[in-house]
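The opening position of the sequence shown corresponds to residue 32 in the numbering used here, with each subsequent residue numbered one higher.
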Amino acid sequence: ARIAGIMAAKKTAELIPLCHPLPLGAVDVTLEPVGDGIEVIARVRTTERTGVEMEALTAVAVAGLTIYDMVKGTERRVEVTDIRLLRKSGGRSGLWVRPDG
Numbered sequence: 032a033r034i035a036g037i038m039a040a041k042k043t044a045e046l047i048p049l050c051h052p053l054p055l056g057a058v059d060v061t062l063e064p065v066g067d068g069i070e071v072i073a074r075v076r077t078t079e080r081t082g083v084e085m086e087a088l089t090a091v092a093v094a095g096l097t098i099y100d101m102v103k104g105t106e107r108r109v110e111v112t113d114i115r116l117l118r119k120s121g122g123r124s125g126l127w128v129r130p131d132g
C-alpha cells in the first residue's frame, strides 16, 4: 500500500483532469495501525511554487484502496474514510493547518 501511494502521487497529473505535472522532491507514505483501522498519511514536497495537495491526497486515496483490496476477502465491512488535507506550507497562501487535525 505504501508503494502504491508513492506511485499514485507521481501519476496524479495523469489521473486528475487539469492537474499540472510537478517535479516531486519527496513522497513519504506512512501506515499506522489505529484502533481497528489503519491511518495513512502522505507527505509530499516539491521545489515548485505551487502546492502538492492533490499529490498527497491521491497518495492517501490509492494507499487506502490498496489496503481495501488486500483485506476485502476477509473483512467485508472494510471502508476507506476521512481523506483530508491536514497541513500545507509554502506557495502563495503560506502555512495552513487543519483546525481539527
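From the three backbone atoms N, C-alpha and C, an ideal C-beta is built for every residue, glycine too. Owing to the predicted nature of the structure, the values given are computational and were not obtained by experimental measurement.
Exposure of residue i, with buried meaning 16 or more beta-carbon neighbours within 10 Å
i	result
V93	buried
E45	exposed
V65	exposed
T105	exposed
V75	buried
E110	exposed
G95	buried
L126	exposed
Span of the alpha helix (DSSP H), counted from its first residue to its last, around residue i
i	result
L55	It is not in any alpha helix (DSSP H) - L55 instead sits in the beta strand (DSSP E) that spans L55 to V65.
R33	R33 to K41
Beta-carbon separation (whole angstroms), residue i vs residue j, contact threshold 8 Å
i	j	result
V83	V71	Actually they do not touch by this definition, with Cβ atoms about 16 Å apart.
V91	I114	5 Å
P54	E79	7 Å
L117	R108	Contact doesn't hold; Cβ gap of about 26 Å is too wide.
A35	T97	4 Å
K41	V58	7 Å
G56	T77	5 Å
Where the beta strand (DSSP E) containing residue i begins and where it ends
i	result
D70	Residue identity check: residue 70 is Glu in the sequence provided, not Asp. It spans G68 to T77 - the beta strand (DSSP E) in which E70 sits, taken as one unbroken run.
DSSP three-state assignment for residue i, whether helix, strand or coil
i	result
V102	helix
V91	helix
L96	helix
L49	coil
E110	coil
Residues that residue i bridges to, as DSSP identifies them
i	result
V128	R118
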